[in-house]
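Residue numbers (the UniProt record's numbering): 1 to 289. Ideal Cβ placement from N, Cα and C applies to all residues, glycine included.
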């Protein structure tokens with residue numbers, strides 16, 4: 001049926017062909033014009049830019065404080081030139097730009113992706129540092145959950161362990177100390193809550209965590225005093241005396257020690273360390289911070 005039959009006139013077919021030859025090109029041109037109207041020329045230009053150009057534009061915007069535009073440029077390198085050297089650099093710089101804008105979830109995600117793809121590069125420590133900073137900036141008051149403080153400690157400790165010679169180690173240690181202080185503060189808040197309600201066993205558990213786990217924080221002083229108070233209230237005088245003795249050894253001029261000493265005197269007791277007590281063993285770890 002698609003072949004011309006013998007003897008069939010060619011005139012009608014030629015007429016149809018000529019008609020189609022006029023209609024089809026016009027439809028094609030119309031479609032092209034329609035599609036051109038839908039093209040975002042700025043996007044088209046961006047997509048055709050070389051990786052180095054986009055990356056340098058990102059750096060320029062970053063230095064100028066145009067953080068959103070910097071993020072857009074770094075993202076464009078990553079999308080349009082994947083697995084290139086500039087894409088690798090753009091990934092970590094994009095994470096930094098997100099961090100600077102307070103987009104911590106995005107910064108953490110990008111930095112973690114970088115570490116997954118490029119765990120042994122020179123910028124890996126920097127990516128880890130960005131993750132730690134992003135958690136650090138989200139640490140809340142001790143009256144609230146301290147999830148971000150725990151994440152800060154874990155992330156920054158990983159940095160110190162994996163890249164001990166990194167230029168970010170000193171600051172990472174400072175962030176760890178602050179986060180640990182927050183965690184200890186949270187334990188103290190809960191411990192005081194139980195102590196006020198005379199739930200001494202639950203209170204002791206919290207104060208013990210501070211002494212054993214956060215021995216280099218500023219909360220150890222009070223924790224030892226609260227242990228003296230809790231054990232004394234429970235009738236465990238040997239433990240109370242040991243807590244006061246360890247407190248006096250490490251903080252002899254402390255107000256907390258003076259209060260603990262007075263408390264023991266009300267029962268005719270004085271600070272006396274028992275070598276077999278967990279408090280005595282933990283006391284050897286206290287730095288007097």
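Can you tell which of the options has its C-alpha closest to the C-alpha of residue i?
i           : options               : result
residue 208 : 198, 83, 222 and 132  : 222
residue 98  : 123, 66 and 121       : 66
residue 225 : 235, 212, 258 and 216 : 258
residue 158 : 218, 182 and 133      : 133
residue 234 : 76, 244 and 204       : 204
residue 195 : 166, 212 and 232      : 232
residue 198 : 184, 227 and 62       : 227
residue 51  : 80, 61, 246 and 216   : 80
residue 82  : 96, 108, 114 and 104  : 114
residue 268 : 253, 238 and 276      : 238
residue 145 : 169, 211 and 182      : 182
residue 86  : 162, 277, 109 and 53  : 53
residue 248 : 266, 236, 286 and 212 : 286
Measure the CB-CB distance between residue i and residue j and report whether it falls below 8 Å.
i           : j           : result
residue 189 : residue 143 : yes
residue 187 : residue 206 : yes
residue 139 : residue 111 : no
residue 264 : residue 270 : yes
residue 179 : residue 214 : no
residue 201 : residue 242 : no
residue 78  : residue 94  : yes
residue 55  : residue 88  : no
residue 282 : residue 260 : no
residue 84  : residue 74  : no
residue 240 : residue 217 : no
residue 61  : residue 69  : yes
residue 255 : residue 273 : no
residue 123 : residue 92  : yes
Would you say residue i reaches chain D, if we count a Cβ-Cβ gap shorter than 8 Å as a contact?
i           : result
residue 157 : The question asks about chain D, but that chain is absent: this structure has only one protein chain.
Open item on the list: Under 8 Å, with one C-beta from each stretch per pair, do the region 137-153 and the region 120-127 reach the 3-pair mark?
Closed with: With a cut-off of 8 Å, the region 120-127 and the region 137-153 do not count as touching, because too few Cβ pairs lie within range.
Task: Sufficient close CB pairs (3 or more, under 8 Å) joining the region 174-183 to the region 151-163 - done: With a cut-off of 8 Å, the region 151-163 and the region 174-183 count as touching, because enough Cβ pairs lie within range.
Task: Complete runs of the alpha helix (DSSP H) confined to the region 89-134 [at least 4 residues] - done: The qualifying runs are 104-117.
Open item on the list: Runs of 4 residues minimum, wholly inside the region 138-179: which ones carry the alpha helix (DSSP H) assignment?
Closed with: Counting only runs of 4 or more, we get 147-162.
Task: Sequence ranges, alpha helix (DSSP H) only - wholly within the region 223-267, length at least 4 - done: DSSP runs (the alpha helix (DSSP H)) wholly in the region 223-267: 237-250 and 255-265.
Task: Start-end ranges of the alpha helix (DSSP H) lying completely within the region 192-224, minimum 4 residues - done: Whole alpha helix (DSSP H) segments, 4+ residues: 200-213.
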